[in-house]
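A short worksheet on the structure shown next.
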Amino acid sequence: AQKITQTQPGMFVQEKEAVTLDCTYDTSDPSYGLFWYKQPSSGEMIFLIYQGSYDQQNATEGRYSLNFQKARKSANLVISASQLGDSAMYFCAMREEFGNEKLTFGTGTRLTIIP
Amino acid sequence: GAVVSQHPSRVICKSGTSVKIECRSLDFQATTMFWYRQFPKQSLMLMATSNEGSKATYEQGVEKDKFLINHASLTLSTLTVTSAHPEDSSFYICSASLERGRANYGYTFGSGTRLTVV
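In order, the protein sequences belong to chains A and B.
The opening position of the first sequence corresponds to residue 1 in our numbering, with each subsequent residue numbered one higher.
The opening position of the second sequence corresponds to residue 1 in our numbering, with each subsequent residue numbered one higher.
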């Protein structure tokens, strides 16, 4: 079974609008961490935001926020006021407490911002 | 801080030759390094986990004799693609595990290597 599911292969959003990228996960570990990364065409992996399974509040980092719904096992990324430079691949990833520190990635969402 | 330098960024090699990719931690000690492979428009797939001074742990389906990983020091991990074939053409990226109190909640990535086998 997929541990990380990203159901949106591609999204097109008008500049300055907000966008939500979906991510659901599956784990039986009580302790885990959820990550979002941005990968531009250059290939580098840019860390965006992190949410721990025991964190009471949703994580926020500038224009990025994470809509964490633990009961639904979802960790959607919200980008506010999108910019042209936000066009990239976005990956959701999970680290499980008993997973030897390795990250499991979703299939990614290609976000394109339209001027 | 917590930078991993990955080289080369791009390499083209002939079929049957070997290629070495290096990942160096510049300002910290990388006890654990993860090696990923990414085909175009696909996700990162973990190939192996290497710990300094010990043999790498390979994921199921990854040929350990083809993808040789060496982690001989706390600042250097290498991936050697032996007897490369066109199907090995891919984007390879390393990631070092950090103390969780450091940058990015525990991981820093190299910039990746685009391998093309002709």
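Idealized CB from N, CA, C, for every residue including glycine.
Just so we're clear, the structure is a prediction, and the values are computed from it rather than from any experiment.
Query	Result
Cβ neighbours of A/E96 in the same chain (closer than 7 Å, five flanking residues each side left out)	T27, D29 and Y32
Proximal residues, the segment 68 to 97 of chain B versus chain A, C-beta separation under 8 Å	F91, I93, S95 and S97
Chain B residues whose Cβ lies nearer than 7 Å to that of A/N100	T49
Simplified DSSP assignment, three categories, for B/L98	coil
Buried/exposed call for B/S95, threshold 16 Cβ in 10 Å	buried
Nearest-angstrom Cα separation, counted from A/Y50 out to A/G85	21 Å
A/E96 - DSSP class collapsed to helix/strand/coil	strand
Under 8 Å from the C-beta of B/S43: neighbouring residues of chain A	F91, F105, G106, T107 and G108
Residue burial classification, A/N176 (beta-carbon count within 10 angstroms, cutoff 16)	Past the edges of chain A, shown from 1 to 115, lies residue 176 of chain A, and the structure says nothing about it.
First through last residue of the beta strand (DSSP E) which encompasses B/K20	V19 to S25
Cross-strand partners of A/V78 (DSSP beta bridge)	A/T20 and A/S65
Endpoints, beta strand (DSSP E) assigned at A/Y32	Y32 to Q39
Selected residue, minimal CA-CA separation from B/S9, among B/A56, B/C23, B/Q60 and B/A2	B/C23
Proximal residues, the segment 43 to 72 of chain A versus chain B, C-beta separation under 7 Å	G43, E44, M45, F47 and Y50
One or two residues paired with B/H7 in a DSSP bridge	B/E22
A/L125 - DSSP class collapsed to helix/strand/coil	Any question about residue 125 of chain A goes unanswered here, given that chain A covers just 1 to 115.
Whole-angstrom distance between A/S53 and A/K70, CA atom to CA atom	8 Å
With 16 other Cβ atoms within 10 Å as the buried cut-off, status of A/T112	exposed
Backbone secondary structure at B/Y105 - three-state DSSP	helix
Closer than 8 Å to chain A by CB, B/L26	no
Short Cβ contact (8 Å threshold) for B/S111 with A/F91	no
Inter-residue Cα distance where the pair is B/P50 and B/Y105	Just to set this straight, residue 50 of chain B is Ser in the shown sequence, not Pro. C-alpha separation (whole angstroms): 19 Å.
Chain A within 8 Å of B/L46, Cβ atoms only	yes
Counted within 10 angstroms of its Cβ, other Cβ atoms place A/A88 as buried (16 or more) or exposed	buried
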